[in-house]
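All residue numbers in the sequence shown are consecutive under our numbering, ending with 449. By construction, the Cβ of each residue, glycine as well, lies at the ideal position given by its N, Cα and C atoms.
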Amino acid sequence: MKNNSLTQKQGPKTQTVFIGSGISMSTAIGKARVINSGLGQVPKYHVSDTDVPDELKRFRNAVAKAQKQIARLKAKTSSLTDTTAEELELLLDAHAAMLVSTRMLLGIEKNIAELNLNAEAALEIVVEEIARGFEKVKDAYLAARVQDIKDVGSRILRQLMKTPYQIYSKIPKGSIIVAQELSPADTALMDPASIAGLITEQGGSDGHTAIMARSLNIPAVLGVTKILSKISDGDTIIVDGDNGRVIVSPDHDTLEEFKRKIEARRRLNRQLTRLRSLPAVTQDGVLVGMQANIELARDVEEAIHAGAEGIGLLRTEFMFLNRSSAPTEEDQYQTLKTIITEMSGRPVTIRTFDLSTDNLPQSKNIRTNKSSNPLLGLRAVRLSLRQQRLFEIQLSAILRASTHGEIRILLPMVSSIHQVREVKKILRRVHSRLQNKIKFQRTNCRH
C-alpha cells in the first residue's frame, strides 16, 4: 500500500491527498469527526502466585461480559437490512464461538497461570501469536481473518480495561468518521443517513468492516497510513471510494469538481433505477441477457434488485472457507436451495469449488498431497478429481437443489477434455444414486 501524500498550497490551509483502499464505488464530502477508537497502552505486570486465581477470575468475568455484549448486538440486528443483518449475525456468531473454550482463551489462561502475567498482557501475547500465524498464510481471505481475532481480543480487553466503545448515534449528521480502526459491529450499527463516510488507518478491502460498509453503501477508504496525525475535528474531507483517496482541506476547484461528480452519480442512479426493469436490447434489436456474479448468499437480494435475469456465476468457495471442517451435503443443499428459490425460476450457474490444498478445510476424509504440477497447483477441478468424496458431496447437494429451479454447473480451471469426461462420469454416478429418492425434471440439470 502506498504510504505517501500529495500536497498543494491553498492559502491558510493545505490540500492533502492520502492513499488507501477504496471500499465502495461512491464518494462523500463532509466534516471530519476524529474518533479515539484505540485502547491506549495495555498494562503489563506480573501477579503473585497467590493472586493468580483472582486474575483468572477477572479474565473469565471479562469474557462473560464480552459474550453478553455480543448477545445484545445480535438483538439489535433486527433494525438492519436483510443482507447486513445476515452478515452481522454470521460474524457475531463466529465471534461468540471464539469466546468458548478456544485456543485463544486457553492460551491466555495458561499465560496467566504459568507465567504469572496480568490478563491484559497475557491476552495481547496470545492474540499477536495467532495473528502472526494467520498472516503467514498466502491467502487474502484467510489473512483478512486476522481482524476477527483482533476484534474478539479487543472486546475482552475493553472489558478488562473498562474502556467503552464509542456511541456513534451521538455524532453530528453528515460527519466523516476518522479512526484508527472500526469493528464490523461498529460499522454495521451506523446509520447511513447520519454518517457520510468512513476512513481508518487499519483494515483492508477483504475484511468484515469493508463488507459492512459496502452493504450499507457508506463511502469508505480503509488502511490510510498515519492519517490521524494529519486531520483535526471539523476539517473538510472528500472520501473518494472509487480511487481509494482521501482529500483533506480540498481547494475550491477540487471541492466543486467532486460536488459535480456526486450530483452526476445521483442522476445516473435515478436513471438506472428507472431502467432496471426493462430488457437489455442493443440499438439493432439484439436481446442481451444480463446476469449477476455473486460470492455470498446475501448477494442475491442485490442482484434481484438490480434487475438480474439470473446468476451467471455463483462461487461456492464461501461455504468452505473460514471453518475447521468441510460443509456437509445438507449444509450445502440448504444454502443452494435458498439461493435458487430466491431467484424464482431465473437460471443459476453454480461453479464447483475453486479451492486449493492451502485453503481446503481439514477432515479425516481429506488428504492433501503435494501437486505434481507446481505451476497449476492442486486446485479447482484438479483438486475435485483428486478429492472425489468431497466433490461427490457437493455434486449431490447441487443436484438436490436443482429440483427448486433451473441450474447449470460450471467447472473451474479446466485444462483438458479428459477432466470434463471424468467429471461427467462422477456426475452420472451421483445422479443415479439420487434418482430413486428425487424426482428430477430433465430440464433442471443437463449433463
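Exposed unless 16 or more other CB atoms sit within 10 angstroms - verdict on residue i
{"i": "Gly-32", "result": "buried"}
{"i": "Ala-77", "result": "exposed"}
{"i": "Leu-357", "result": "buried"}
{"i": "Arg-369", "result": "Caution is warranted here: a pLDDT of 48 is assigned to Arg-369, below 50, making its placement in the model unreliable, and the coordinate value is therefore given only provisionally. Classification of Arg-369: exposed, given that the 10 Å Cβ count is below 16."}
{"i": "Ile-25", "result": "buried"}
{"i": "Ile-419", "result": "exposed"}
{"i": "Leu-270", "result": "exposed"}
{"i": "Asn-375", "result": "Caution applies to Asn-375, whose pLDDT of 41 falls short of 50 and renders its modelled position unreliable; the model cannot decide the point."}
{"i": "Asp-237", "result": "buried"}
{"i": "Glu-332", "result": "exposed"}
{"i": "Gly-135", "result": "exposed"}
{"i": "Asp-235", "result": "exposed"}
{"i": "Leu-162", "result": "buried"}
{"i": "Ser-386", "result": "buried"}
{"i": "Ser-156", "result": "buried"}
{"i": "Met-27", "result": "exposed"}
{"i": "Glu-57", "result": "buried"}
{"i": "Ser-279", "result": "exposed"}
{"i": "Val-432", "result": "buried"}
{"i": "Asn-113", "result": "buried"}
{"i": "Ala-34", "result": "buried"}
Spatial distance of residue i from residue j (CA atoms)
{"i": "Pro-221", "j": "Glu-303", "result": "20 Å"}
{"i": "Pro-166", "j": "Gln-71", "result": "11 Å"}
{"i": "Ser-251", "j": "Asn-38", "result": "21 Å"}
{"i": "Glu-344", "j": "Leu-94", "result": "25 Å"}
{"i": "Leu-412", "j": "Thr-318", "result": "11 Å"}
{"i": "Gln-182", "j": "Leu-230", "result": "7 Å"}
{"i": "Ser-23", "j": "Lys-427", "result": "45 Å"}
{"i": "Arg-267", "j": "Val-19", "result": "22 Å"}
{"i": "Ala-399", "j": "Ile-342", "result": "12 Å"}
{"i": "Ile-264", "j": "Glu-394", "result": "49 Å"}
{"i": "Arg-272", "j": "Gly-287", "result": "25 Å"}
{"i": "Thr-354", "j": "Thr-29", "result": "36 Å"}
{"i": "Ala-382", "j": "Val-44", "result": "44 Å"}
{"i": "Gln-389", "j": "Leu-397", "result": "12 Å"}
{"i": "Asp-253", "j": "Leu-277", "result": "36 Å"}
{"i": "Val-65", "j": "Ile-158", "result": "6 Å"}
{"i": "Ala-115", "j": "Arg-60", "result": "13 Å"}
{"i": "Lys-172", "j": "Leu-274", "result": "34 Å"}
{"i": "Gly-206", "j": "Lys-138", "result": "17 Å"}
{"i": "Pro-194", "j": "Pro-329", "result": "35 Å"}
{"i": "Ser-54", "j": "Lys-152", "result": "The sequence given here places Val at residue 54; Ser does not occur at that position. Approximately 25 Å, taken between the alpha carbons."}
{"i": "Gly-42", "j": "Asp-255", "result": "39 Å"}
{"i": "Met-214", "j": "Glu-91", "result": "12 Å"}
{"i": "Gln-12", "j": "Gly-243", "result": "With a pLDDT of 43 at Gln-12, under the threshold of 50, the predicted position of this residue should be treated as unreliable, though the coordinate-derived value follows. If I take the Cα positions, the gap works out to 23 Å."}
{"i": "Ile-179", "j": "Pro-281", "result": "40 Å"}
{"i": "Gly-225", "j": "Glu-131", "result": "22 Å"}
Own chain partners of residue i with C-beta closer than 6 Å, once the 5 adjacent residues on each side are dropped
{"i": "Val-128", "result": "Met-106, Gly-109 and Ile-110"}
{"i": "Ala-187", "result": "Leu-75"}
{"i": "Leu-184", "result": "Thr-202 and Thr-211"}
{"i": "Val-154", "result": "His-97 and Met-100"}
{"i": "Ile-240", "result": "Ile-31, Ile-249, Pro-252 and Phe-260"}
{"i": "Glu-126", "result": "Val-44"}
{"i": "Ala-123", "result": "Lys-46"}
{"i": "Tyr-335", "result": "Ala-399, Arg-402 and Ala-403"}
{"i": "Ser-417", "result": "none"}
{"i": "Leu-377", "result": "Reliability of the predicted coordinates at Leu-377 is poor, the pLDDT of 35 falling under 50, and no value is obtained from them."}
{"i": "Leu-436", "result": "Leu-401"}
DSSP beta-bridge partners of residue i
{"i": "Gly-199", "result": "Ile-178"}
{"i": "Asp-242", "result": "Thr-29 and Arg-247"}
{"i": "Gln-204", "result": "Per DSSP, none; premise fails for Gln-204."}
{"i": "Val-425", "result": "DSSP output for Val-425 lists no bridge partner at all."}
{"i": "His-2", "result": "Outside the modelled stretch of the chain, which goes from 3 to 449, sits residue 2, for which no answer is possible."}
{"i": "Thr-351", "result": "Arg-410"}
{"i": "Val-223", "result": "Gly-24 and Ile-201"}
{"i": "Ala-215", "result": "DSSP, once it has assigned bridges, lists no residue as partnering Ala-215."}
{"i": "Ile-295", "result": "For the sequence presented, residue 295 should be read as Asn rather than Ile. The partner list for Asn-295 (beta bridge, DSSP) reads Leu-315."}
{"i": "Leu-289", "result": "Val-283"}
{"i": "Arg-35", "result": "Ile-179"}
{"i": "Arg-269", "result": "Paired residues: none, contrary to the question."}
{"i": "Arg-381", "result": "Ser-358"}
Same chain only: Cβ atoms within 7 Å of residue i, ignoring 5 sequence neighbours per side
{"i": "Lys-175", "result": "Ser-196"}
{"i": "Glu-311", "result": "Gly-291, Met-292, Gln-293 and Arg-348"}
{"i": "Thr-337", "result": "Ala-299 and Met-321"}
{"i": "Gln-69", "result": "Ala-98 and Leu-101"}
{"i": "Thr-340", "result": "Ala-299"}
{"i": "Ala-133", "result": "Val-148, Ile-151 and Lys-152"}
Spatial neighbours of residue i in its chain, beta-carbon cut-off 8 Å, leaving aside the 5 residues before and after
{"i": "Val-283", "result": "Leu-289 and Val-290"}
Near the ligand NAP: residue i beta-carbon under 6 Å from a heavy atom
{"i": "Lys-78", "result": "As far as ligands go, the structure on display features none, and thus does not contain the ligand NAP."}
Stretch-stretch touch, CB-based, cutoff 8 Å, three pairs: the stretch 305-321 with the stretch 285-296: Three or more Cβ pairs closer than 8 Å define a contact, and the stretch 305-321 meets that threshold against the stretch 285-296.
contact_flag[the stretch 112-126, the stretch 45-60] where n(CB pairs < 8 Å) is 3 or more: For the pair of segments examined, the stretch 112-126 was found to touch the stretch 45-60: the number of CB pairs separated by less than 8 Å reaches three.
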